[in-house]
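Chains A and B are the protein sequences, given in the same order. Heads up: the first sequence begins at 1 in this note's numbering, then just goes up one per residue. Heads up: the second sequence begins at 1 in this note's numbering, then just goes up one per residue. Ideal Cβ positions, reconstructed from N, Cα and C, are used throughout, including at glycine. Computed from a predicted model, the values in this text were never measured in an experiment.
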Amino acid sequence: MKELTISSDAPGERIFVLGNEAIARGAIEAGVQVAAAYPGTPSSEILENLAKVAKEVDMYVEWSTNEKVAFECALGASICGVRAMASMKHVGLNVAHDPLMTASHIRAKGGFVVVVADDPWAWSSQNEQDSRYVALQGNIPVLEPSSLQEAKDMTADAFKLSEEFGQMFMVRSVTRIGHGRSDIVLGKISRERRKGSFKKDPSLLVYVPRTARINKPLMLERLEKIRKAVNTMPYNKLQMADKATLGIIASGLSYGYTMEALKWLGLEDKVSILKIGTPNPLPEELITKLLKSVKEILVVEELDPFVELHVKAIAGDYNIAVKVHGKDVVSRIGELSTRGVTEAIAKLTKSKLPIDFAALDKLEQEAAPLLPLRPPALCPGCPHRGSFRAINVAAQRLAKEYGEDVEPIYPSDIGCYTLGLNPPLRAVDTTICMGGSFGLANGMARVVDAPIIAHLGDSTFFHAGIPPLINAVYNKANITMVVLDNSATAMTGFQPHPGTGYTATGDETVALKAEDIARACGVKFVEVVDPFNLKAATETVEKAMRFQGPSVLVFRAPCAMIELRDKKKAGEKVVPYHVDPDKCNPKCDACIKLLGCPAIIKQGDKAVIDALLCTGCSLCAQVCPYNAIVQE
Amino acid sequence: MVREFNILITGVGGQGVILMSELLGKAAIDDGLTVRGSEILGMAVRGGSVTSIVRVGEDVYGPLIPAGKCDIIIGMEPSEALRNAGFLSKSSLVILNTVPIIPFTVSLGQSSYPSLEQVLEKLNSITSKIIKLDAAQIAREAGSLLAANVVMLGALFGTELLPLKIATIKEAIEARFPAKVAPVNIKAFDLGYQVCQQAAK
């Protein structure tokens, strides 16, 4: 039997998938013709999986240079009448915010859906913002799945709803949806393929002031229709319990935690529950029905009090005397859990907790001091390690010329290299947003008397690094800007980008070079550097930093994971380094303390290299003052 | 009918934790069960802590195991098993690979690594049901050091606590690995199974 996949035409069959595969399947079922995205955890696998089957299912799939472009690409296709999707992580939605705020004014022709993956607890992000507020501000209806099955179903449905109401829709995922795993039942795949056509319609598409004034009331009319329709959508479900005094409103994933908590407490028949699948707009009729039937309400939702504030407003509008709880008993920080919801319900119902949570906390507190720190680290053989070592040596040398206590400033960015934050490299001083390293450096250069060397990755450079680079040239900022080019969007899983020479679907294309772009932008000092040649790299960094005016360095070497993969393919052997114990000085530790490579540990009083982890990059041999590290 | 069965797999990036949960999930579905679970990808690159969750049964809604409700923890690494002790109760079972992976933060002097006795003592204060094995040694015996994760899967089935059929997981293993290495992995599974059975006696 052929293994079922997300492109299988097998309605009714069950498959085991990652949540992002479920969302991709939803897009395939809806007959989406254009899908665009920029990678970002926890959303990347949506487009990755679509790219794998793009040709088979006749879909155009691209990695765009950033989320704004991805959004615009999908919007352009939708304007021409085909179904189109943009997917991104929550902070990517900020990048797309500009077109988003106007896009919702456009009466959608081809179904237009933006899938946004929020990241409660910021597992892989710089913050934990709640995209439902962006949707509220942008007048975008939201579907929020409680399970992977719903993630698939809602994604497919969102395109139909978008066309039915003529409005763009948002599907809000979270980490535990996108990176959840579950069985889902497949639906039917739409094979309809439309020929895109553009109809000139300035009063809908050319947003001069008059157009906004024409379309805003029309948009509000469409939203009003959706506000009524959500009351009967299957994603919202009211289960009334007899003589219940407490009602729970649970949005998205929180519904699962709530159901398990009620069962744990033995209260499943004593509490009325409203499951919310459309947080914006909310099903007002179902909410008022519930509010009128109980004395107290608990709103269970992850992150900010979005549903809670609306429920309080609805209670006020309808003059319903009911106490509404939410963030007073449920955490606003991080992910929810069955435990957290259980404790909240127990508090409100004065129920006994099912187990002794305090004893578990005590145990964890006692275990904590025993546990070693195990942060994610730059991989053995990572070129960034060499880049940071060279930057550290050159920048610290230069800083001394500014004053004995002056430290160089390292504005950094979003990517694997953010891990350079950790000791011993300590080469990351700021991380705010994509492209923010070069941007911040522009301002710092005006006010501090210290050398500034900012860095970002190759994919980040194409995403948002070019405008601040041009700014530095235009406004003559005396900073050094480094592109750490490892030929991949490595942190999110090696997606291709404009510098790699191939597209999302594996087609060959031009490979843009950061150094060419920097020169074209008018940078007068541009050099390409090998991060694995520490001596030469350090000298070049120093030259760049001494250059008056903006300078650009491109550290170029492929990601260690790619290098290993390519070597394996070519049948080449990795030759690891080892430490000659007779030459290793127990008091030195230079290899460990300067590089922080996970392949080097101390055994007894000597350094030892794990031959299974070592990639043969040679950096440790270059920093060893005793020539004790040699290749086998 | 299975109501709720919770498995947490924990280890270090590169040990094949995610693969284990994929195999278990696939097998559970082939056995007609519903599965929910989740993992943290992304920052869990090589060397970081990794956990993956597999939950089966009709009463399971959420992707996370509630505190104190884990039926089995598979610890691919001792300190990582201890890190997740808050999921255990006195009826839980721990299957522990006793081979430590000492992070570079210990070499840098930023943290220390507990002795196996310390790990076992803490785990023992919650549950006495702990099966210890040297998965690396058994994997080597099977023919590949890389198969330590499949050894642990074998041990998991050796407990006979799982609501899954052995034939189904073996099919999932055979389907997942290239024909060249599938037999090594099946052998690793069988050896893990046997070690666990002997330990239970």
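- In the three-state reduction of the DSSP assignment, Phe165 (chain A) falls in the helix class.
- Residues of the segment 362–373 of chain A whose Cβ lies closer than 8 Å to any Cβ of chain B, in chain order: Leu363, Glu364, Glu366, Ala367, Leu370, Leu371, Pro372, Leu373.
- Scanning its chain for C-beta atoms nearer than 6 Å, with the 5 sequence neighbours on each side dropped, one finds around Ala139 (chain B) the residues Leu145, Ala147, Ala148, Val151, Ala188, in chain order.
- Contact of Ile177 (chain A) with chain B is assigned, a C-beta pair being separated by under 9 Å.
- If you draw a straight line from the Cα of Ile601 (chain A) to the Cα of Asp413 (chain A), it comes to about 29 Å.
- Under the three-state reduction of DSSP, Pro305 (chain A) is assigned to coil, being neither helix nor strand.
- A distance below 9 Å separates the beta carbons of His455 (chain A) and Val483 (chain A).
- The C-alpha of Leu23 (chain B) lies about 11 Å from the C-alpha of Gly16 (chain B).
- Residues of chain A with a Cβ closer than 8 Å to the Cβ of Leu108 (chain B) are, in chain order, Pro423, Pro424, Ile592, Lys593, Gly596.
- Contact between the segment 380–390 of chain A and the segment 343–359 of chain A is not established, with fewer than three Cβ pairs separated by less than 8 Å.
- DSSP, read as helix, strand or coil, puts Leu425 (chain A) in coil.
- Sixteen is the threshold: when 16 or more other Cβ atoms of the shown chains lie within 10 Å of the Cβ of Pro576 (chain A), as they do, the residue is buried.
- The C-beta distance from Ile592 (chain A) to Ser107 (chain B) rounds to 5 Å, short enough to fall under 8 Å.
- Just measuring C-alpha positions, the residue of A:Gly316, A:Val114, A:Cys559, A:Pro598 sitting nearest Arg83 (chain A) is A:Val114.
- Interface criterion met: the Cβ of Ile355 (chain A) is under 9 Å from a Cβ in chain B.
- Glu364 (chain A) is positioned such that its CB atom lies closer than 9 Å to that of Ala85 (chain B).
- Taking 8 Å as the Cβ-Cβ cut-off, the segment 107–132 of chain B approaches chain A at Ser107, Leu108, Gln110, Ser111, Ser112, Tyr113, Pro114, Gln118, Val119, Lys122, Ser125, Ile126, given in chain order.
- Counting only runs that start and end inside the segment 34–101 of chain A, the alpha helix (DSSP H) elements of at least 4 residues fall at 44–57, 67–79, 90–95.
- Flagged as an interface residue toward chain B: Pro375 (chain A), by a C-beta distance shorter than 9 Å.
- Taken through DSSP and simplified to helix, strand or coil, Val181 (chain B) comes out as coil.
- Taken through DSSP and simplified to helix, strand or coil, Gly256 (chain A) comes out as helix.
- In chain order, Arg55, Val56, Gly57, Asp71, Leu162, Pro163 place their CB closer than 8 Å to the CB of Phe5 (chain B), counting only its own chain and leaving out the 5 sequence neighbours on each side.
- For His384 (chain A), the enclosing alpha helix (DSSP H) begins and ends at 383–402.
- For Ser64 (chain A), no CB of chain B lies under 9 Å from its own CB, so it is not counted at the interface with that chain.
- Chain order gives no chain A residues near Ala142 (chain B), where near means a beta carbon separation below 9 Å; the closest approach is about 17 Å.
- Taking the beta carbon of Lys26 (chain B) as reference, the chain A residues within 8 Å of it are Phe16, listed in sequence order.
- Taken through DSSP and simplified to helix, strand or coil, Gly37 (chain B) comes out as strand.
- Near chain B, meaning a CB-to-CB distance below 7 Å, the residues of the segment 176–210 of chain A are Arg176, His179, Gly180, Arg181, Ser182, Asp183.
- Pairwise C-beta distances place the segment 291–309 of chain A out of contact with the segment 365–381 of chain A, as fewer than three of them are shorter than 8 Å.
- The C-alpha of Ile453 (chain A) lies about 39 Å from the C-alpha of Thr10 (chain B).
- Taking 9 Å as the cut-off, the beta carbon of Gly62 (chain B) is found closer than this to the beta carbon of Glu260 (chain A).
- Nearest C-alpha to Glu141 (chain B) among B:Leu116, B:Arg176, B:Pro100, B:Asn185: B:Asn185.
- Chain order gives the chain A residues near Val12 (chain B) as Arg374, where near means a beta carbon separation below 8 Å.
- Shown here, Asn442 (chain A) sits in a helix according to DSSP, grouped into three states.
- Using a Cβ-Cβ cut-off of 9 Å, Phe104 (chain B) counts as an interface residue toward chain A, since at least one Cβ of chain A sits closer than that to its own.
- As DSSP reads the structure, Lys275 (chain A) sits in a beta bridge with A:Lys237, A:Ala250.
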